[in-house]
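Numbering follows full-length UniProt numbering, in which position 224 of the sequence shown is assigned residue number 224; successive positions increment by one, without gaps.
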Amino acid sequence: MPENHFKTIAGELQVNQKQVEATVALLDEGATVPFIARYRKEVTGSLDEVAIAAIRDRVEQLRELDKRRESILKSLKDQEKLTPELEAQVLAAETMAVLEDIYLPFKPKRRTRATIAREKGLEPLAQRLFEQANMDVASEAAAFVSEEKEVKSTEEALAGARDIIAEWVNENPEARANIRNLFEKKGVFKARVIPGKEEEGQKYKDYFEWDEPIEKAPSHRILAMRRGEKEMVLMLDAQPEEEAALAILEDQFVTGHNAAAEQVKLAIRESYKRMLRLNMETEVRLSSKKRADEEAIRVFADNLRPMLLSAPLGQKRVLAIDPGFRTGCKVVALDEQGKLLHYEAIFPHNGAHQATTAGQQVMVMCHKYQIEAIAIGNGTASRETETFVRGLGLPNTIAIVMVNESGASIYSASDVAREEFPDQDITVRGAVSIGRRLMDPLAELVKLDPKSIGVGQYQHDVDQNALKHSLDDVVMSCVNAVGVEVNTASKQLLTYVSGLGPQLAQNIVDYRNQNGPFKTRNELRKVARLGDKAFEQAAGFLRIRGGKHPLDASAVHPERYALVEQMAKDVNATVEDLLKNAELRKKIDLKKYVSDTVGLPTLQDILSELAKPGRDPRESYEVFSFTEGVNEIKDLRQGMKLPGIITNITAFGAFVDIGVHQDGLVHVSHLSDRFVSNPHEVVKVGQKVEVTILEVEVGRKRIALSMKGDPQAATSRPSRGNDRKSGNTGAGSSRRDAPVEEEDMATKLNKLKNMFR
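Right, here's the structure in full:
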């Protein structure tokens, strides 16, 4: 990789160039981001996962640029058009757009109007006009009239010459750069409804006549307008004022005040309308889409992390209920490891007699399977089912918990679910997933495609490869941060362990099934195709509780076992003693163990791990309950204060489950008493909050909420613009799948005096 790329990345990320070089070397050797961040701190200068991932992604971009650069240089050589000056320009190009602009005049192209004009011998006339000397234009053009060349008149000759000039203008790198900048800085999105689509496209009504600067348009509005265009409800343009673009081009190319200059002006107008405008609009639409995608993907990733790292209930015997009205509730009993023990259907909402029978069934199952917690999915009939269960008089030792079931139906119909439960139907699988989510959210959610979890914004509209790349990073980061018990983990969970992947994960499960539980980490080397590199990357993140070596249950990497054993020896103790005795650990002088390969950051990590080996970084589980008696949207009243859980965060606010089957929206202006530009600054998915009801529309199922101390208080901060034009959150769950004008309730709040900042 060229030296200048390291310098470029270091400058962009504000890190030391040597850190970039070291990180790239590790990545090129096959090291993963979690491994580098956790076990190679001395090499990278303690860069975190975010910085390492940013270096990795930027390296990929620059290598793609270099690959294209090589291809262009080869093409120019093959055409025998590569001059030293042109080569210098190609080598100096820092972006793909600049590189393509340089190459455009030499790029093999189809037969154009300019090509035809050249074939008719009109290029000398074009050159004369382009010089803009004083001349008799008609006389000059008349000299090129020729029946043989099929130039029938002076006007036809001038038109052909203008076609050639128009192509020169279009292919001029400086002109393209200037017009590109104009589109980016002064371009405007103009959305208009297609005549006759007004009724069909009601969810896009905010965009029926909407103008907005491209540079300032937020992600959710860009994606909403594009979706409306795709669904053939909206017409969408993205361009600046035409006269501003023409003025820039004329300033560059028009040098005279005569008849020839007028021909050049005509050619410039033709060039802009027929070529440059279309090219640049395509570019700015793509660049704004990329920007919108990146923001939407960032929002999704920021939401996904806290959901994956939700507090686990742990190894408890759970009764899981997938609630329903007419079709009944599917109930499963699970043991401490999440194994299915029993399932049946109950009908608590189909009359008093069936409710009594259902109650008896639940009581029997709780007693028979020694149930310690009841998990109820938060979909249809959830609050009614919760009320029913709470009314059974179960022991206080049995926790009753509402569980977010978003994506459970997708899991139940997946190949993973069919593989786990080939003899059960989808309703049973869904109930099992609900129960396991309570026990260990991370272990269960990794079985889903992350975009099905339902905490995103427009995830179906963004670049799917970029989305998958980002979400896989988040899942891998979370899995490795928590650590994985190798003897109980599913193939799906093992897949995300650093250095493994689907095939090695399956091989580990196969080995475990054939040979019994792993007794040591070193035994992993016996797994088919798990070589030294994979072992190095994975071993520190895999746990073996109750194994032969005490450190196998910790995050201490096997490559440092000898170091820990030396520490123990130096204080006249065993490794087991170090794990149990804080006083012994205090005697360890870390500086004594610093070497060329091990520095204080790693040593401090080791000492912390010895204090709490294999500690789960997730928070301890706390039972949460919604307000009793508030089960449906019709139970809500303005001014009510209710507990809730953040279920999704978008650029314009946060959605909160308050237990009425419909999430409410806390607009960004009501997330805090202070100004909030980014909702993730103050809330996270899964956070327990208290909200105030601002307004309820039962018919439209809209609930406006506030988290301010005094929601009605006037504020002194001026408005930063009406952010009401919004889009669908793109959430996977039907409960969360709000219409495109999701912020409409927040818009209505604008009508209340001094409500928004």
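From the three backbone atoms N, C-alpha and C, an ideal C-beta is built for every residue, glycine too.
Presumed contact (8 angstroms Cβ cut-off) between residue i and residue j, rounded CB distance
{"i": "G664", "j": "V691", "result": "7 angstroms"}
{"i": "V474", "j": "A296", "result": "That pair is no contact at about 14 angstroms."}
{"i": "R545", "j": "A553", "result": "5 angstroms"}
{"i": "M307", "j": "H342", "result": "Actually they do not touch by this definition, with Cβ atoms about 29 angstroms apart."}
{"i": "R429", "j": "Y411", "result": "7 angstroms"}
{"i": "V318", "j": "A238", "result": "Rounded, the Cβ-Cβ distance is 52 angstroms, inconsistent with contact."}
{"i": "G377", "j": "I426", "result": "Not a contact, Cβ separation roughly 13 angstroms."}
{"i": "V284", "j": "I214", "result": "6 angstroms"}
Reference residue i; option with closest CA among the options
{"i": "M567", "options": "F541, S554, I544, L603", "result": "L603"}
{"i": "V15", "options": "F35, V50, R38, E29", "result": "V50"}
{"i": "A260", "options": "T44, A161, A247", "result": "A161"}
{"i": "residue 768", "options": "M232, L104, P124", "result": "The first residue shown for the chain is 1 and the last is 757, placing residue 768 beyond what the model contains."}
{"i": "S490", "options": "S498, Q506, C478", "result": "Q506"}
{"i": "E21", "options": "F35, T32, P34, R56", "result": "R56"}
{"i": "L394", "options": "T387, D415, D48, M363", "result": "M363"}
{"i": "L313", "options": "E444, A224, V24, T255", "result": "E444"}
{"i": "E695", "options": "H220, I633, F652, A651", "result": "I633"}
{"i": "S409", "options": "I453, A375, R383, D440", "result": "I453"}
{"i": "G614", "options": "V486, T627, R176, E12", "result": "V486"}
{"i": "Q315", "options": "R326, D335, P601, P323", "result": "D335"}
{"i": "residue 806", "options": "K684, E619, L671, P601", "result": "The question about residue 806 has no answer here: the residues shown for the chain are numbered 1 through 757."}
{"i": "T627", "options": "P643, L636, Y621", "result": "P643"}
{"i": "F253", "options": "A175, P323, G228", "result": "A175"}
{"i": "K688", "options": "E576, Y621, Y207, M96", "result": "Y621"}
Euclidean distance between Cα positions of residue i and residue j
{"i": "Q263", "j": "L249", "result": "14 angstroms"}
{"i": "E147", "j": "N170", "result": "30 angstroms"}
{"i": "D737", "j": "N404", "result": "Here the model assigns D737 a pLDDT of 37, short of 50, so the residue's position is not dependable, and the following value carries that caveat. Approximately 15 angstroms between the Cα atoms of the pair."}
{"i": "Q370", "j": "L500", "result": "37 angstroms"}
{"i": "E241", "j": "R277", "result": "11 angstroms"}
{"i": "T715", "j": "G639", "result": "Any reading at T715 must be qualified, since the residue scores a pLDDT of 35, below 50, and its modelled position is unreliable; no value is offered."}
{"i": "A166", "j": "Y496", "result": "54 angstroms"}
{"i": "N134", "j": "A466", "result": "56 angstroms"}
{"i": "A358", "j": "P348", "result": "5 angstroms"}
{"i": "R298", "j": "L62", "result": "21 angstroms"}
{"i": "V24", "j": "P2", "result": "12 angstroms"}
{"i": "A217", "j": "E209", "result": "15 angstroms"}
{"i": "R111", "j": "E123", "result": "15 angstroms"}
{"i": "A31", "j": "N4", "result": "23 angstroms"}
{"i": "N631", "j": "V660", "result": "5 angstroms"}
{"i": "F35", "j": "I52", "result": "10 angstroms"}
{"i": "A413", "j": "R437", "result": "17 angstroms"}
{"i": "E419", "j": "Q17", "result": "48 angstroms"}
{"i": "K77", "j": "D28", "result": "31 angstroms"}
{"i": "K197", "j": "F652", "result": "27 angstroms"}
{"i": "I346", "j": "A352", "result": "13 angstroms"}
{"i": "R128", "j": "T8", "result": "44 angstroms"}
{"i": "Y458", "j": "N178", "result": "32 angstroms"}
{"i": "R735", "j": "I645", "result": "Caution applies to R735, whose pLDDT of 37 falls short of 50 and renders its modelled position unreliable; the model cannot decide the point."}
{"i": "V482", "j": "P617", "result": "6 angstroms"}
{"i": "D673", "j": "E681", "result": "13 angstroms"}
{"i": "residue 758", "j": "V332", "result": "Residue 758 is absent from the structure shown; the chain starts at 1 and stops at 757."}
Cβ-based burial, residue i [other Cβ within 10 Å; buried from 16]
{"i": "F6", "result": "buried"}
{"i": "S706", "result": "buried"}
{"i": "T356", "result": "exposed"}
{"i": "S139", "result": "exposed"}
{"i": "M476", "result": "buried"}
{"i": "A117", "result": "buried"}
{"i": "S595", "result": "exposed"}
{"i": "H667", "result": "buried"}
{"i": "M755", "result": "Annotation note: pLDDT 32 at M755 (below 50); position unreliable, coordinate value reported separately. The residue is buried, with at least 16 neighbouring Cβ atoms inside 10 Å."}
{"i": "N480", "result": "buried"}
{"i": "T327", "result": "exposed"}
{"i": "G531", "result": "exposed"}
{"i": "A611", "result": "exposed"}
{"i": "F624", "result": "exposed"}
{"i": "K591", "result": "exposed"}
{"i": "P422", "result": "exposed"}
Below-8 angstroms beta-carbon distance, residue i vs any chain D residue
{"i": "S477", "result": "Going by chain labels, chain D is absent from the structure shown, which holds only one protein chain."}
| field | Segments assigned alpha helix (DSSP H), at least 4 residues, entirely inside the segment 83-125 | value | The DSSP assignment places 84-92, 96-103, 113-119 as complete runs of the alpha helix (DSSP H) inside the segment 83-125, in order along the chain (cut-off: 4 residues).
| task | Could you name each continuous beta strand (DSSP E) segment of 3 residues or more that falls completely within the segment 296-376, going from the start of the chain to the end? | result | Taking only runs of at least 3 residues, the beta strand (DSSP E) segments lying wholly in the segment 296-376 are 318-322, 329-334, 340-346.
| In chain order, which continuous runs of the alpha helix (DSSP H) of length 4 or greater are located wholly inside the segment 201-248? | Those alpha helix (DSSP H) runs which fall completely within the segment 201-248 and span 4+ residues are 219-230.
| field | Ranges of the alpha helix (DSSP H) found wholly within the segment 402-430, counting only runs of at least 4 | value | With a minimum length of 4 residues, the continuous alpha helix (DSSP H) runs that stay inside the segment 402-430 are 408-412, 415-420.
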